[in-house]
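J.: Below are the structure tokens for one structure; questions will follow.
In my numbering, the protein residues as written are 4 to 126.
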């Protein structure tokens, strides 16, 4: 699937619907979009207010509901094939998606302080 950010900050999506080609459930939230990142089957959009909107296959990051309350002041989002990591303004990191591919950072969470940027491999 594809996601295009338009000049007015809205997003148009197309392609395989379960993998993010259909963003109709979150379309009303996709305003002021600054960046969009993708796993193999989900999207994450960072909005101008530092919040994040996700859609697509839930297990691969399309469902961020468990961490949504933490996704404030997001500076950047990176993705593996099935998980997302967001760096927040305070230097902390929030992850979600498929745990074995990086969606669970709980074992290193205490070390993720003062993070400036994150890079990802494919899985």
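Note that beta-carbon positions come from the ideal geometry of N, C-alpha and C, so glycine has one too.
Can you list, in chain order, the residues of its chain whose CB lies under 8 Å from that of residue 98, leaving out five sequence neighbours each side?
T.: Position 95 of the chain shown holds residue 98. Excluding residues within five positions, the ones whose Cβ falls inside 8 Å are 70, 86, 87, 88, 89, 105, 106, 107, 108.
J.: Specify the secondary structure class of residue 62 as computed by DSSP and reduced to three states.
T.: Taking the first residue of the chain shown as 1, we reach residue 62 at position 59. Looking at residue 62 - three-state DSSP - the assignment turns out to be helix.
J.: For residue 50, which residues does DSSP report across the bridge?
T.: Position 47 of the chain shown holds residue 50. Per DSSP, 36.
J.: Closer than 8 Å by C-beta to residue 125: which residues in its own chain qualify, once you throw out the five before and the five after it? Chain order, please.
T.: Within the chain shown, the letter at position 122 stands for residue 125. Within its own chain, the residues whose Cβ lies closer than 8 Å to the Cβ of residue 125, once the five positions on either side in sequence are excluded, are 83, 84, listed in chain order.
J.: What residue ranges within the stretch 74-117 form continuous beta strand (DSSP E) runs of no fewer than 3 residues, ordered along the chain?
T.: 77-82, 86-91, 96-100
J.: For residue 7, write down the residues that DSSP places opposite it in a beta bridge.
T.: Position 4 of the chain shown, counting from 1, holds the residue named residue 7. 15.
J.: Measuring straight from C-alpha to C-alpha, what distance separates residue 110 and residue 103?
T.: Residue 110 sits at position 107 when you count from the first residue of the chain shown. Residue 103 sits at position 100 when you count from the first residue of the chain shown. Between residue 110 and residue 103, the C-alpha separation is close to 12 Å.
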